[in-house]
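In order, the protein sequences belong to chains A and B.
Positions 1325 to 1858 (the numbering used here) are the ones given, in order, by the first sequence.
Positions 12 to 366 (the numbering used here) are the ones given, in order, by the second sequence.
Glycine is no exception: its CB is placed at the ideal position from the N, C-alpha and C atoms.
Here the structure is a predicted model, which means the values were calculated and not measured.
Quick notes on the structure that follows.
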Amino acid sequence: MFAEPTLRRVGLAALSALMLGTAPVALLAETPADTLVIADAIDDIVSIDPHEAFEFSGTDMLNNVYDTLVELDPTKPGELVPGLAESWDVSEDGLTFTFKMKQGISFSSGNPVRAEDAAWSLQRVVKINKTPAFILAQFGFTPENVDQKIRAEGDTVVLELDKPYAPSMVYNCLTAVVGSILDKETVMANEVDGDMGNEWLKANSAGTGAYVLRSYKAQEGYVLEAREDHWRGAPKLKRVFVRHVPEPATQRLQLEKGDIDIARKLNTTDIEGIAGNPDVKVVDDVAGYIYYLALNQKREPLNNPKVMDALRWLVDYDGMAATVFKGQMMVHQHFLPRGYLGSLEETPYELNVEKAKALLAEAGFPDGFTTTISVRNDQQRVEMAQSIQNTFGQAGIKVELKPGAGAEVLGDYRARNHDITLQAWGPDYPDPHTNASTFAYNPNNADEGQLTGILAWRTAYDPGELHDMTEAAVIERDTDKRRAMYEEIQRKHRDTSAFIAMFQQISQTALRSNVEGFYTGGATDQATYWLATK
Amino acid sequence: MASTDTAPPRRRSRLVHNLKRLGATVLALAATFLGLMLITFVIGRVVPIDPVLAVVGERATTAQYEAAREALGLDRPMWEQFVIYVRDALTGDLGTSIRTRTPVAEDIARYFPATLELATIATIFGVLLGIPAGVLAATRPGTWIDQLVRLIGLMGYSMPVFWLGLMGLLLFYGILGWVGGPGRLDAGFEMMFEFDVPRVTGMILIDTALAGKWDIFRNALSHIILPAGVLGYYSMAYISRMTRSFMMNELSQEYITTARVKGMPEWRVIWVHALKNVMVPLITVIALSYANLLEGSVLTETVFAWPGLGLYITTALFSADMPAVLGGTVVVGIVFVALNMFSDILYRLVDPRAR
Chain A
1325 MFAEPTLRRV GLAALSALML GTAPVALLAE TPADTLVIAD AIDDIVSIDP
1375 HEAFEFSGTD MLNNVYDTLV ELDPTKPGEL VPGLAESWDV SEDGLTFTFK
1425 MKQGISFSSG NPVRAEDAAW SLQRVVKINK TPAFILAQFG FTPENVDQKI
1475 RAEGDTVVLE LDKPYAPSMV YNCLTAVVGS ILDKETVMAN EVDGDMGNEW
1525 LKANSAGTGA YVLRSYKAQE GYVLEAREDH WRGAPKLKRV FVRHVPEPAT
1575 QRLQLEKGDI DIARKLNTTD IEGIAGNPDV KVVDDVAGYI YYLALNQKRE
1625 PLNNPKVMDA LRWLVDYDGM AATVFKGQMM VHQHFLPRGY LGSLEETPYE
1675 LNVEKAKALL AEAGFPDGFT TTISVRNDQQ RVEMAQSIQN TFGQAGIKVE
1725 LKPGAGAEVL GDYRARNHDI TLQAWGPDYP DPHTNASTFA YNPNNADEGQ
1775 LTGILAWRTA YDPGELHDMT EAAVIERDTD KRRAMYEEIQ RKHRDTSAFI
1825 AMFQQISQTA LRSNVEGFYT GGATDQATYW LATK
Chain B
12 MASTDTAPPR RRSRLVHNLK RLGATVLALA ATFLGLMLIT FVIGRVVPID
62 PVLAVVGERA TTAQYEAARE ALGLDRPMWE QFVIYVRDAL TGDLGTSIRT
112 RTPVAEDIAR YFPATLELAT IATIFGVLLG IPAGVLAATR PGTWIDQLVR
162 LIGLMGYSMP VFWLGLMGLL LFYGILGWVG GPGRLDAGFE MMFEFDVPRV
212 TGMILIDTAL AGKWDIFRNA LSHIILPAGV LGYYSMAYIS RMTRSFMMNE
262 LSQEYITTAR VKGMPEWRVI WVHALKNVMV PLITVIALSY ANLLEGSVLT
312 ETVFAWPGLG LYITTALFSA DMPAVLGGTV VVGIVFVALN MFSDILYRLV
362 DPRAR
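Here's what the structure looks like:
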């Protein structure tokens, strides 16, 4: 087991070396003309109930099987467009939102879509209370009150909130996969022991999406079949087949051979390797993941503002982006990913050992100190941690790396047992509050608070005024003012918080050159299959 | 063989003897499985990975976390969890996988046939090539044939399977296009198999043959040949090396000299007389190598995107999906025991002294 990464690397290196010297492959295995074949690593999927799913691969699938009341235009990132609702409105006091349903849309069962289905679906999210439920529950819905607060009135759905949230926040949350509208009759006909169809939805779908789930096998793949009578018009490709191919080098071989149309998990070596092949192309897109360091504020001297400032100058941002990531990350020093309302592109910090040393001396640590960095045991993250270990060392800070399995490192972080931890965070829904409410918000910093879902709590960081600013921003109804508030929060957070944001991920999708119209969803949305052609 | 009507007392004592032996075997088996489960169970509980986090994900609140923990039964004392597990396992219920949310028995019924199919063909390769190679090397020690067999064996011992698999894919699939690529079928055929072929054994070659879908069968064959060849190579390296040393030992025995002196043709001396005696220890070697392959080879399964048992258990292990790990371990245990018993039976057939 321990020899594996080394063996793998030797194998990959040898493979790349050989591939550089080979002509384009001779024999071509064709994928079926009406099927989009995608290779991806889908072993992150825990559930494909849209009100429970919260992993990238699962929500990518569900985005094509279900629709929401309002949605984001896949071709224009961040733009809100009608989904199953044709129009929407908010009351004077900002507490009541109404959505008027489109007419003539049907579920894959043939049942018509009614306001009742929509209201029931949103109630279901709150009632089954799975991991993504908070995206709706944060508007004041509880299993007890949700039947009154969310209701169908004729052909409209009414949502009554507990506070006058920014309308953009409400709409953005409803575009998330957890806002999917389900076929009430079909799902409830398959209810077992009051589970509201949760068990049945593990292997079936009951939505209005462009595709219907034909088969799903965990850690193997899934097949979607197009709906000819779909309300957006029939998808160009009749089937989508996503295969679980865990090894990037294998995905690359299959793509170059034409056995698949799209490879979604290539690494930098593979992307470089296919550069000269005219049969394939690579499309870059921003992804939502932010890579950051969290400094535990219960640890001396990591809670010393001067030390925290010094550490910000001890990361080789540009060097890592160029050598470790080669196009798969960009330097990004704020907690909102590019593509979000209020996101910032400036990068004021760079590697400056002298400046850091001076700050450490001011703080009373001219010779540095000893600390640890915990990191998930994956090649890229470990390389990132090694680079940080090296640059911290240049200022005399001796770092011991603590690599571990993902859940192990995470468990440590949630228990506030880390010194410094290297982590990645992907936003939960396409509104700035998603990251603000975890990086710059912490209602109770005491150990007893047990707010393990909030990053600021995990690293024992009290955001002070930023907490109040975050609460104010989420109810600001003027979108321009709201944007400015997030910009201010982020700048202060960048310079004073216990977090050091370093990179934003770039997703690189490799496609056969004849594939068009495939959208990954960028940082805010999920993958769209129904516009793809080949 | 005692006839039934002449010696009843002897027959009874033999029956008692056999029953005792059967009882002892059953007890030993029960103890083996209980021990296996206990060790896996304890290891699973002491590894610093939290299965609850794997279920609820990073964002979960403390309340959701506790609810999931309770639902998984992890709030109970460890001994109680173990007792419940063993009790359920005895009724064939291996629990529900934390990751895939399906009964573990169902998962294994899906993953194991893929491994079984691959391991069986690999073992056939290994035996068909390994035994003749070992015999040839033993009968011509020191010649170029012997050196070649030893070199192939050495390479089989030292080359990482991950590397060999990737190289094989690159050459035979990528460049030459002789074989199918990773996965058990091409995408188009995989959907045909999924929707048009009734599932009988879960092994694609057998199910498609039963359904008469020969185009899918051919495609499956083109996909399995390379990973089976890679695994078969390792199996061959081991079998040929063992055959060689058993054979050399056998050829120095007196009965071989006698046979040769009597003027028996050399091919008969080697391939009939000597090989028959070599078969006894060789059966153990083959059974062991087959059992190893049946555990599933994680690295091979990763490279070839082969949804087999090894990949399943490893993925489960990394997310602390203990029901899946335990279930997989129990199945591997059963395979080992079954193969051991099978080779015991073969022994008796081959070796008259063991009857």
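Bridge partners of residue i, per DSSP?
i	result
Trp1749(A)	Ile1614(A)
His1568(A)	Asp1364(A)
Ala144(B)	Looking at the DSSP assignment, Ala144(B) forms no beta bridge with any residue, so it has no partner.
Val1547(A)	Ser1539(A) and Phe1565(A)
Thr1852(A)	Tyr1843(A)
Glu1477(A)	Thr1480(A)
Lys1650(A)	DSSP, once it has assigned bridges, lists no residue as partnering Lys1650(A).
Gln1829(A)	Met1653(A)
Gly1728(A)	Arg1700(A)
Using the beta-carbon of each residue, which ones in chain B are nearer than 8 Å to residue i?
i	result
Ile1584(A)	Ala198
His1568(A)	Ala316 and Pro318
Lys1526(A)	Arg112 and Thr113
Phe1378(A)	Gly68 and Arg70
Leaving out five residues on either side along the sequence, give the residues of the same chain with a beta carbon under 8 Å from the beta carbon of residue i.
i	result
Ile267(B)	Glu261, Val280, His284 and Ala285
Ala1350(A)	Unreliable placement is indicated for Ala1350(A), whose pLDDT of 35 sits below 50; the coordinate value is still reported in the next sentence. Closer than 8 Å at the Cβ level, and outside the excluded window around Ala1350(A), lies no residue.
Glu1812(A)	Met1793
Thr1346(A)	Bear in mind that the predicted position of Thr1346(A) carries a pLDDT of just 40, short of 50, making it too unreliable to give a figure here.
Leu49(B)	Phe93
Pro1348(A)	Because Pro1348(A) carries a pLDDT of 36, less than 50, the predicted location of this residue cannot be relied on, and no value is offered for it.
Among the options, which one has its Cα closest to the Cα of residue i?
i	options	result
Thr1783(A)	Ala1808(A), Ala1527(A), Asp1743(A) and Asn1759(A)	Asp1743(A)
Lys1400(A)	Tyr1843(A), Trp1854(A), Lys1858(A) and Thr1857(A)	Tyr1843(A)
Pro1356(A)	Gly1728(A), Phe1693(A), Arg1705(A) and Gly1582(A)	Gly1582(A)
Pro1661(A)	Gly1750(A), Ile1595(A), Gly1692(A) and Asn1701(A)	Gly1750(A)
His1568(A)	Lys1589(A), Gly1557(A), Leu1577(A) and Ala1550(A)	Lys1589(A)
Asp1608(A)	Asp1417(A), Leu1360(A), Gln1828(A) and Ala1558(A)	Gln1828(A)
Lys1473(A)	Gly1717(A), Thr1420(A) and Glu1440(A)	Thr1420(A)
Pro1602(A)	Leu1855(A), Ala1856(A), Asn1759(A) and Ala1834(A)	Ala1834(A)
Gly1841(A)	Val1437(A), Tyr1390(A), Glu1354(A) and Ile1586(A)	Ile1586(A)
Leu1537(A)	Glu1544(A), Asn1528(A) and Val1706(A)	Asn1528(A)
Thr1820(A)	Pro1787(A), Glu1515(A) and Phe1689(A)	Pro1787(A)
Anything in chain A within Cβ reach of residue i, meaning under 9 Å, just list it in chain order.
i	result
Ala231(B)	Result: empty, since nearest Cβ-Cβ is about 14 Å, beyond 9 Å.
Asp61(B)	Ala1731, Glu1732, Leu1734, Gly1735 and Arg1738
Arg110(B)	Asp1367, Ile1369, Val1370, Ala1542 and Gln1543
Quick one: list the residues of chain A neighbouring residue i, beta-carbon separation under 8 Å, in chain order.
i	result
Glu81(B)	The contacting residues do not exist; Glu81(B) stays about 14 Å from chain A at best.
Tyr184(B)	Leu1577 and Lys1581
Glu205(B)	Ser1539 and Val1547
Going by beta-carbon coordinates alone, are residue i and residue j separated by less than 8 Å?
i	j	result
Tyr1765(A)	Ala1748(A)	no
Val361(B)	Ile297(B)	no
Gly1531(A)	Ser1432(A)	yes
Gln1657(A)	Thr1671(A)	yes
Leu1393(A)	Leu1404(A)	no
Tyr1785(A)	Ala1797(A)	no
Lys1763(A)	Ile1721(A)	Residue identity differs from the one stated: residue 1763(A) is Phe in this sequence, not Lys. For Phe1763(A) and Ile1721(A), no; Cβs fall outside 8 Å.
Gln1447(A)	Asp1471(A)	yes
Leu38(B)	Val341(B)	no
Glu1509(A)	Asn1435(A)	yes
Kindly list the residues whose CB is nearer than 7 Å to the CB of residue i, restricted to its own chain and excluding five residues on each side of it in sequence; keep chain order.
i	result
Glu1379(A)	Asp1368, Ile1369 and Val1370
Phe1402(A)	Here the sequence assigns Gly to residue 1402(A), which means Phe is not the residue at that position. Leu1396, Gly1663 and Thr1848.
Val115(B)	Leu105, Gly106, Thr107, Ser108, Pro334, Ala335 and Gly338
Run through chain B and tell me which residues come within less than 7 Å of residue i, C-beta to C-beta.
i	result
Pro1488(A)	What Pro1488(A) touches in chain B: nothing, since even the nearest Cβ is about 25 Å away.
Lys1858(A)	Simply none; closest approach about 13 Å.
Ala1573(A)	Leu177
Identify, in the order they occur along the chain, each residue of the same chain with its Cβ nearer than 6 Å to the Cβ of residue i, setting aside the five sequence neighbours on each side.
i	result
Gly1845(A)	Ala1851
Leu1525(A)	Asp1373
Pro1456(A)	Phe1378 and Val1502
Leu1352(A)	Interpretation of Leu1352(A) is limited by its pLDDT of 43, a score under 50 that renders its predicted location unreliable; the figure taken from the coordinates is listed afterwards. Hits under 6 Å: Gly1582.
So residue i contacts chain B; which residues on that side make the cut at Cβ distance below 9 Å?
i	result
Asp1752(A)	Arg70
List the residues of chain A that residue i touches, going by C-beta distances under 7 Å, in chain order.
i	result
Phe329(B)	Ala1729
Mind checking whether the beta-carbon of residue i lies closer than 7 Å to any heavy atom of the ligand SAH?
i	result
Leu162(B)	Among the components modelled here there is no ligand, and therefore nothing to report on the ligand SAH.
Using beta carbons (cut-off 8 Å, strictly below), is residue i in contact with chain D?
i	result
Met290(B)	You won't find chain D in this structure, because its protein chains are A and B.
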